[in-house]
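Take a look at the structure below.
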Amino acid sequence: TPDGTGWLLHATGGRELTGAAVVVATGYNHTPLLPDWPGRDTYKGELRHAGEYRNPEPYAGRDVLVVGVGNTGAEIAVDLVEGGASRVRLSVRTAPHIVRRSTAGWAAQYTGVLVRRLPVGLVDRLARPMAKLSVPDLSEHGLPRPDTGLYSRVKEGAIPVQDVGLIDAIRKGKVEVVAAVQGFEDGEVLLADGTRVGPDAVIAATGYTRSLEGLVGHLGVLDAHGRPVVNGSRCPDDAPGLFFTGYVTPISGTFREVAIDAEKIAKAVEKDGAGRLSRLPV
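In terms of our numbering, the sequence shown is numbered consecutively and its last residue is 507.
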């Protein structure tokens, strides 16, 4: 606010809201990201982002190319197989770490919680033999083990893929792993290894952006990648009372950490916001 006692939000309908604190929690996966592949805009085939996918029914009996092998791409590929797609190919740019959702009743997230504060290199070394014991080598099917350690990849923003049937589908040839997409030409999809494929539909599981620039970009609180410079109960140095939550990808699980953040942020607001004006119009 002009007097520096709080925050002024310009809402829809011309409304103005003021408050001692603002918590931004619009989500890490906010706006669908569709890569600007060469030929994308002139491609006449069916191309849609995974955010539009609802169920496999429209793809029964069809040849589908899924682009991206994060958790979304992996789950859609398996769903398509189970839903009766005639052919499912999975385009992979970087081989992911795949983990079993649970082993002998022990959920993968429990392990993430236990190791979250350990050194990255140590977790990488611990994860390597565990992966070899629990996940078969899929190199002969086009999906080699990653060169970069599991926790190192998490720190880069790449969460391990929890297996919901992908391993089995790949080993049985029900999901075919192909190279990364390079572009579109003459109704076909161009792959990085020089091959061309002509699927009936392309589903791009290519991620999302935070899209915070329009909301807080003018405040200098975002890094070069459009992510908040802080997350949780800390505020940016020049923006007291402004909090962000849900903009990291922790190995222990986003929902768990957001719940913890919520309590910490509430305490921070109670402690530090008591002296600032708080007026929310009804």
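Glycine included, every Cβ here is placed at the ideal spot set by N, Cα and C.
Under the criterion of beta carbons closer than 8 Å, G367 and V402 qualify as touching, at roughly 3 Å. The DSSP-derived three-state label of H235 is strand.
Per the Cβ contact rule, the region 372-382 is in contact with the region 348-360 (3 or more Cβ pairs under 8 Å). When the Cα atoms are used, A404 and A484 turn out to be separated by approximately 38 Å. As far as DSSP is concerned, E495 takes part in no beta bridge. Within the region 306-382, the beta strand (DSSP E) runs of at least 3 residues that lie entirely inside it are, in chain order, 312-316 and 323-325.
In the assembly as shown, A246 is a buried residue. Its beta-carbon has 16 or more other beta-carbons within 10 Å. Nearest Cα to G390 within the set K357, L467 and A302: A302.
Closest option to K399, judged by alpha-carbon separation, among A320, T479, A299 and Y268: A299.
Segment contact: the region 245-263 against the region 430-445, three or more CB-CB distances shorter than 8 Å; contact assigned. Rounded to the nearest whole angstrom, the C-alpha separation of D266 and V406 is 15 Å. In this structure, D288 keeps its C-beta atom at 8 Å or more from the C-beta atom of R273. Classified as exposed, F480 has fewer than 16 neighbouring CB atoms from the shown chains inside 10 Å of its CB. Distance between G239 and L233, taken at the CA atoms: about 12 Å.
Within the region 391-439, the complete beta strand (DSSP E) runs of at least 3 residues fall at 400-403, 406-410, 413-416 and 426-429.
Pairwise C-beta distances place the region 376-386 in contact with the region 309-327, as three or more of them are shorter than 8 Å.
D418 and V306 have their alpha carbons spaced roughly 25 Å apart. For the 8 Å CB-CB criterion, G408 and A250 do not form a contact.
In this structure, the CA atom of V291 is about 12 Å from the CA atom of Y284.
Within the region 232-287, complete beta strand (DSSP E) segments of at least 3 residues are found at 232-235, 241-244, 247-249 and 271-274, given in chain order. Membership of L467 in the beta strand (DSSP E) is indicated by the continuous run L467 to F469. Going by beta carbons, A310 and A430 fall outside the 8 Å limit. A distance of 8 Å or more separates the beta carbons of G457 and Q334.
With contacts defined as CB atoms closer than 8 Å, E271 and D388 fail to qualify as a contacting pair.
In this structure, DSSP gives D228 a state outside helix and strand, which the three-state scheme calls coil. 8 Å or more divides the Cβ of V248 from the Cβ of I395.
DSSP lists F469 as the beta-bridge partner residues of G457.
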